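Following this note's numbering, the numbering of the sequence shown begins with 124 at its first residue and continues without gaps.
Think of the CB as a built atom: it goes at the ideal place given N, C-alpha and C, for glycine as much as any other residue.
On a predicted model such as this, the values are computed, not experimentally measured, just so you know.
Single-structure report; data block below.
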Amino acid sequence: MSEREPSAPANRYPAADEWQAVDNYFTETLVGEDAALAAARRSGTATTMPNAEVAANQGAFLGLLANIAGAKRVLEFGTLAGYSTIWLARAVGESGHVVTLELEEQNAAVAEENFLAAGVADRIETIIGPALDTAAQLINDGVESFDFVFIDADKPNNPAYLAAALELTRSGAVIVIDNVVRNGEVVDGDSADPRVHGVRSVADAMAANPDLDATALQTVGEKGWDGLIIARRR
């Protein structure tokens, strides 16, 4: 490892040069991020949370998971510039449908331009407003069940987002929650950070739910030290 302190852009954890180099290697070798995806990733600077989008290899991972799950209907909590949304929309194919929930109109406008440029706008529905309110409306409307859910919004509400996801999914559905390691802070039960408590609470809720099989993966790379929870409904 380098002796230099890792750098940390806004909304990212410190990432050693070596970690970033490995991400870049696998992205260039395996992922093949195209021009529309690269532009969507860069456009994150125009959102309310620049640099918060998933890394390219993580976007590809989400797309692969959706494909493995056979997902045709995807629900996403948190859109920003729509980078992960594009990966998921491509995974569901032309006959699939992605519903993405975004609080800020500014972010949704950026994302919708990216959806058009990527050629997937016709399979994405962006709903603007507080995600808990929107999810409650989807539940009340009795929408068709989703096959895959990606939760990447405000972390203190993770338990509530999980509860909504369970109302909106079927047996066999996959649920992924992002940013759960938080630079290692997740192990600190006395943390003053409500985002840490949001992660710990949702992990406890998953562990207590007999209908869920779940695990977590730590990741290091350009996004720093973080990770994902991946669960499947029995």
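Of the residues ASN180, LEU289, GLU235, TRP142, the one whose Cα lies closest to the Cα of ARG357 is LEU289.
Rounded to the nearest angstrom, the gap between the Cα atoms of ALA138 and ASP264 is 43 Å. Annotated three-state conformation of THR292 is strand, per DSSP. About 5 Å separates the beta carbons of VAL154 and ALA179, which is inside the 8 Å limit, making them a contact pair. Exclusion of the five residues before and after VAL325 leaves ASN281, PRO282, LEU285, ILE300 as the residues of its chain whose Cβ lies within less than 7 Å of its Cβ. Residue pairing by DSSP puts GLN341 in a beta bridge opposite GLY350.
In the DSSP assignment, the residues bridged to LEU224 are PHE200, ILE250. A Cβ-Cβ contact shorter than 8 Å links ALA212 with ILE247. For VAL303, the secondary structure class from DSSP, reduced to helix, strand or coil, is coil. CA-CA distance, ARG135 to LEU185, rounds to 19 Å. Residue state for ARG356 is assigned as strand, using DSSP reduced to three classes. Straight-line measurement puts the Cα of PHE269 at about 15 Å from the Cα of THR257.
For ASP316, the secondary structure class from DSSP, reduced to helix, strand or coil, is coil. Secondary structure note for VAL266: it is in no alpha helix (DSSP H), with a DSSP letter that is neither H nor E.
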